[in-house]
Amino acid sequence: MSDNTETLLINANIVIPVEALKTIVAKAKEAVGADAKGIYRVDTSEAVNQIITKFLAERDFMDFISDLSNYQEKS
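In this note's numbering, the protein residues as written are 438 to 512.
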């Protein structure tokens, strides 16, 4: 996403498999590593937020929402 684009923060409920949440937490911990005491200092809820936001941005959310077929029910 462009940094100069006006944005709006939307809090939404989404359904993801428990395994997806476990994977995000494990990867976030792996990314930061443990400190000298063996403690992982990572905000896992923020990690979930960031990974979902990144997913939407990289999949060209604007093109997706512009496509009328995404609003029509599948039979």
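We put the beta carbon where it would ideally sit given N, CA and C, even for glycine.
Which of the three DSSP states, helix, strand or coil, is assigned to A473?
DSSP places A473 in coil when its eight states are reduced to three.
Touch test, the segment 501-510 against the segment 480-488, Cβ-Cβ under 8 Å, three pairs minimum
Contact check between the segment 501-510 and the segment 480-488: fewer than three CB pairs, one atom from each, fall below 8 Å, which does not count as touching.
Is there contact here, the segment 457-467 with the segment 482-501, by at least three beta-carbon pairs under 8 Å?
yes
Is the beta carbon of I488 sitting closer than 8 Å to the one on I447?
no
State the Cα-Cα distance for the pair A457 and T490, rounded to the nearest angstrom.
Each residue's Cα considered, the two are about 15 Å apart.
In whole angstroms, give me the CA-to-CA distance for V469 and S512.
44 Å
How is the alpha helix (DSSP H) around E483 delimited, first residue to last?
T481 to E495
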